[in-house]
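As given, the protein sequences belong to chains A and B, one line each in that order. Each residue of the first sequence is one higher than the one before, starting from 118 at the first, in the working numbering. Each residue of the second sequence is one higher than the one before, starting from 250 at the first, in the working numbering. A short write-up of the structure that comes next.
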Amino acid sequence: MTVKICKIICIVSFFVLLIAAVVILGVSYSYYSDRLEEDLEQKMEYVSRGINISGPDFLEGLSANGTRITLIASDGTVLFDSKADPENMENHAYRQEVKDALSLGVGKSERYSETMSEKTLYYAQKLDNGDVIRLSDSQITWLSLTLSMLTPIIVIYVLAVIFSIFLSHSLSKKIVKPLNDIDLEHPEKLMEYEELTPLLSKINSQNKIINRQMEELERKQKEFNAITDNMSEGFIIIDDRAEILSYNASALKLLEASSKDEYKSVLSINRSESFRRTISTALMGERRESILQSEQGYLRIIANPVFEDNKTAGAVILILDETEKVTNENIRREFTSNVSHELKTPLTSISGFAELMKTGLVSEEDTIHFADNIYNEAQRLITLVNDIIKLSKLDEGVGMNNIESVDMGNLAEGICDRLSFVAASNEISIETHCEHRIIEGNRKILEEIIYNLCDNAIKYNKKGGFVRVNVTGSGESTLLSVSDNGIGIPKEAQNRVFERFYRVDKSHSKEIGGTGLGLSIVKHGALYHNAKITLESEPGKGTSITVIFPNKFKINSRE
Amino acid sequence: MRISFDEQLKLLHNDMIIMGALCEEVITGAVEALLDYDSDNTEQDSDVAWAKQNRFEQITQKIFEKDKDIDRMEREIESLCFKLILQQQPVAKDLRRISAALKMISDMERIGDQASDIAEIIKYIPNSSLRHKIHMREMSKAAAEMVTKSVDAYVKDDVELARKVIASDDEVDDLFRQIRSELISEVSKDASRGEECIDLMMIAKYFERIGDHATNIAEWVEYSVTGVHRNSEI
């Protein structure tokens, strides 16, 4: 703007000066030539009168003062000239002014010199005696006038241009300064220029609108961040080239990516096959869900395409931690298949024996043997079904509201007494060290816990082994421990023995018996009483299971 | 539509990640097929054995399919790289990335081939208790880990990780020598197992080669980040 103002001022002053110079030159020149003509006419008046009165001799005494005086006879012969010798001059009868004077009385003409630098004005008048007197005076032309004035004009010009540059510069700065100084944040504060007020008030109102919208956006962004950062589900937005646009902290945590790395492509977070396929399907415009198995557990990946103008512009990926759900599902599936397997085996043999007996071809001796087998299998089935019922009761929490004070020591000793016969037949000794600790709980379930632990300790033992049952306690908790020097549990199985139907011995052998549900019942019973189970075992050396009960019964939060 | 240079670079990066992931998957598949699914029928339960056999065939099938994918990706990435170099005349880091990618894909392609070769051999190996006796488990896991880590290093531009991969190649080489002497003693004990020993030897050799390729990939990762390849600037 400054430059433009400056330029305009300079151009204007240039043209003003130019026009002024031309006008001054023109006016002064015309004035000058008018004056010269008038002067010549006056001189003519004077000279012609003088000659008319005192004859040609009048001219001799006349000081010409720059003006050339020529006396020409009527035939054109020059009689007198104040500047030149009349003898050498040619006939003047055909000069324009003389011709005019001879015929009209007065003649006038102007002629330019060869260089055009001078103009000679001739003025002729016919005298009374028929001669012609001619006065001539030279005058500089407009061209030479201009030339002679050129130097001062140029000087003035240069000065004026320099001056105008300075002036325009400072002037334009001054004009522009208030504009530059406008505080666009608060435009209403200033105005030196009234003309800008509507613009500024417009800016002002728009500023307000923008600020409001910015605040709104910021608030929304904050809300969005608060939501996404606090949700436990992972959340990633990608564009159509699988570049990450936005993500939350949970996404990185679930996908086990360290947050310090800058991620460009979503594939750099996870590049497993199912993840890749999910992303590419979503980017092709189809919703897709998949389960991603990681070391930590299972993640459900849900990828939804985002459409813009009927084209996939990207995708929104949700990551859910489904470890618990998937493991529960697996356990349930395993349970179902185990239950059917466990139920099927005794039933198959029962139906087999019964089929044989049905034919009537079996001898009496064998019939008894078969019936015995059928009975055993049926007993096995009954135990199994009983165990399943107990477990499902524990699961549902049905009929277990009768909480009473139970003497754990008495209970344990009673159970050991009952089991001593079985133990003795297996050549296993039972040692009990039971203090009388009273805890609140469900007697039936506590009984099941102790019974199953002791039963296991006897079953999975060696000949001549021992089972030690201890009930001790301190303060608010009672400690039940059952240890043996039996076959032990291998390390990799220790985490799994509490699962339903989990058998360390995969062959599901019948020699030992058992349903595979005992420890599961223990676990659920302990859970019901808010008790903690610890298991220590070494294969070949023995197992020790400790259950720590709180004395006061508290409804489990799970229930 | 003309895609900008940056976009094309991102495309290249993505394709490289996918190809690396495929390499990882074929080698982990090969390891799984080798260690977990014996063609030998030791399971008592015929259902379980059948399921195992089925799963084994699925895995090997997958390996062959993915090897084909790797070959296809190699061609795609190669042409993308040439296009980038010819049309965009990249310089400095971009050029390093592209040329490193060109070198890496050939190593990745070799990994894919060798994994499918391993799968091919495993199919015909008879009894298999031997493979658990020798250090095959350690070696195959170490080689697979090298591939995973080298791809990780590429994905994250992690020079430290790349150097670790380069260092761990010696481990795989040592395991290879160990397996070799174990197999020699095995053959000298029982000459009838010669065929199995030779097959296992070949598998071990393939794993050793895979380790070398992973090292190469790691070296090119180091180059693409630092401009230094095998301690000399190029």
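All C-beta atoms, glycine included, are put in the ideal place defined by N, C-alpha and C.
According to DSSP, simplified to helix, strand and coil, what is residue i?
i                            : result
serine 509 of chain A        : helix
alanine 241 of chain A       : strand
glutamine 213 of chain A     : helix
threonine 187 of chain A     : strand
isoleucine 466 of chain B    : helix
glycine 635 of chain A       : helix
leucine 528 of chain A       : helix
proline 339 of chain B       : coil
leucine 362 of chain A       : strand
leucine 449 of chain B       : helix
glutamate 292 of chain B     : Here glutamate 292 of chain B scores only 49 on pLDDT, less than 50, and its place in the model should not be relied on; the value that follows carries that caveat. Three-state result, glutamate 292 of chain B: coil.
leucine 416 of chain A       : strand
phenylalanine 615 of chain A : coil
lysine 669 of chain A        : coil
proline 269 of chain A       : helix
proline 607 of chain A       : coil
glutamate 676 of chain A     : Its pLDDT being 40, under 50, glutamate 676 of chain A is placed unreliably in this model, and the value from its coordinates should be taken loosely. If DSSP states are grouped into helix, strand and coil, glutamate 676 of chain A belongs with coil.
Interface residues of chain A around residue i at Cβ under 9 angstroms?
i                         : result
histidine 262 of chain B  : Lys381, Ser382, Leu384, Ser385
isoleucine 308 of chain B : Within 9 angstroms Cβ-Cβ: nothing; isoleucine 308 of chain B doesn't reach chain A, min ~13 angstroms.
glutamate 256 of chain B  : Arg358
glutamate 274 of chain B  : Ser389, Glu390
Whose CA, out of the options, lies closest to the CA of residue i?
i                            : options                                : result
glutamate 557 of chain A     : A/Tyr148, A/Val664, A/Ser522           : A/Ser522
alanine 391 of chain B       : B/Glu468, B/Leu258, B/Asp418, B/Gln336 : B/Asp418
leucine 260 of chain B       : B/Leu333, B/Gln307, B/Leu271           : B/Leu333
alanine 277 of chain A       : A/Phe132, A/Glu655, A/Val639           : A/Phe132
phenylalanine 470 of chain A : A/Asn578, A/Asp489, A/Glu459           : A/Asp489
isoleucine 505 of chain A    : A/Ser382, A/Gln242, A/Ser363, A/Glu459 : A/Glu459
arginine 404 of chain A      : A/Ile434, A/Ala190, A/Lys381, A/Lys658 : A/Ile434
arginine 386 of chain B      : B/Val400, B/Ala402, B/Glu457           : B/Glu457
glutamate 548 of chain A     : A/Asn519, A/Asp245, A/Asn602, A/Glu513 : A/Asn602
aspartate 107 of chain A     : A/Lys507, A/His553, A/Glu311           : No answer is possible for residue 107 of chain A: it lies beyond the span of chain A, which begins at 118 and ends at 676.
arginine 479 of chain B      : B/Ile452, B/Phe305, B/Ile415           : B/Ile415
glycine 76 of chain A        : A/Val423, A/Leu409, A/Arg388           : The structure shown has nothing for residue 76 of chain A, since chain A only spans 118 to 676.
glutamate 616 of chain A     : A/Tyr577, A/Leu473, A/Ala495, A/Leu508 : A/Leu508
glycine 460 of chain B       : B/Ile354, B/His384, B/Val421, B/Val436 : B/Val421
glutamine 159 of chain A     : A/Lys216, A/Ile555, A/Lys121, A/Ala241 : A/Ala241
isoleucine 320 of chain A    : A/His303, A/Arg497, A/Ser287, A/Glu451 : A/His303
histidine 262 of chain B     : B/Ile354, B/Ile276, B/Gln338, B/His384 : B/Ile354
glutamine 257 of chain B     : B/Ile347, B/Lys372, B/Leu424           : B/Ile347
serine 594 of chain A        : A/Leu134, A/Ala540, A/Asn569, A/Pro667 : A/Pro667
glycine 605 of chain A       : A/Pro656, A/Pro463, A/Asn569, A/Asn612 : A/Pro656
isoleucine 374 of chain B    : B/Val477, B/Thr464, B/Glu468, B/Cys446 : B/Cys446
Rounded to the nearest angstrom, how far is the Cβ of residue i from that of residue j, given a contact under 8 angstroms?
i                        : j                         : result
threonine 651 of chain A : serine 600 of chain A     : About 12 angstroms separates the two Cβ atoms, so there is no contact after all.
alanine 399 of chain A   : isoleucine 386 of chain A : Wrong, their Cβ atoms sit about 15 angstroms apart, outside the cutoff.
serine 285 of chain A    : isoleucine 136 of chain A : Going by Cβ atoms, the distance from serine 285 of chain A to isoleucine 136 of chain A rounds to 18 angstroms, so no, they are not a contact pair.
tyrosine 229 of chain A  : threonine 258 of chain A  : 7 angstroms
alanine 529 of chain A   : cysteine 551 of chain A   : 5 angstroms
List, in chain order, every chain A residue whose beta-carbon is nearer than 8 angstroms to that of residue i.
i                      : result
lysine 259 of chain B  : Arg358, Glu360, Lys381, Ser382
alanine 270 of chain B : Leu384, Arg388, Ser389, Glu390, Arg393
Please return the same chain residues whose Cβ sits closer than 7 angstroms to the Cβ of residue i, not counting the five positions on each side in sequence.
i                      : result
lysine 290 of chain A  : Thr119
alanine 279 of chain B : Ile312, Ala364, Ile367, Ala368
valine 195 of chain A  : Thr187, Ile189, Pro203, Met206, His209
leucine 244 of chain A : Ser165, Ile168, Asn169, Ile250
leucine 384 of chain A : Ala359, Arg393
So residue i contacts chain B; which residues on that side make the cut at Cβ distance below 8 angstroms?
i                        : result
glutamate 439 of chain A : Result: empty, since nearest Cβ-Cβ is about 23 angstroms, beyond 8 angstroms.
glutamate 412 of chain A : Within 8 angstroms Cβ-Cβ: nothing; glutamate 412 of chain A doesn't reach chain B, min ~13 angstroms.
Please return the same chain residues whose Cβ sits closer than 6 angstroms to the Cβ of residue i, not counting the five positions on each side in sequence.
i                         : result
serine 365 of chain B     : Ile312, Phe313, Asp316
aspartate 346 of chain A  : Asn365, Ala366
valine 664 of chain A     : Leu597, Ala643, Ala648, Ile650
valine 470 of chain B     : Ala402, Tyr403, Ala411
serine 226 of chain A     : Gln213, Glu214, Tyr239
isoleucine 371 of chain B : Ala282, Leu283
threonine 464 of chain B  : Ile415, Asp418
Just to confirm my understanding: we take residue i, look at its own chain, exclude 5 residues before and 5 after, and list those with CB closer than 8 angstroms. What are they?
i                        : result
glutamate 446 of chain A : none
aspartate 356 of chain A : Leu362, Ala430, Gly431
Whose Cβ in chain A lies nearer than 7 angstroms to the Cβ of residue i?
i                         : result
isoleucine 266 of chain B : Ser382, Leu384, Ser385, Arg388
histidine 440 of chain B  : This sequence places alanine at residue 440 of chain B; histidine is not what is there. What alanine 440 of chain B touches in chain A: nothing, since even the nearest Cβ is about 35 angstroms away.
Could you tell me which chain B residues have their CB closer than 7 angstroms to the CB of residue i, listed as they occur along the chain?
i                       : result
arginine 450 of chain A : Per Cβ cutoff of 7 angstroms: no residues; arginine 450 of chain A is ~15 angstroms from chain B at best.
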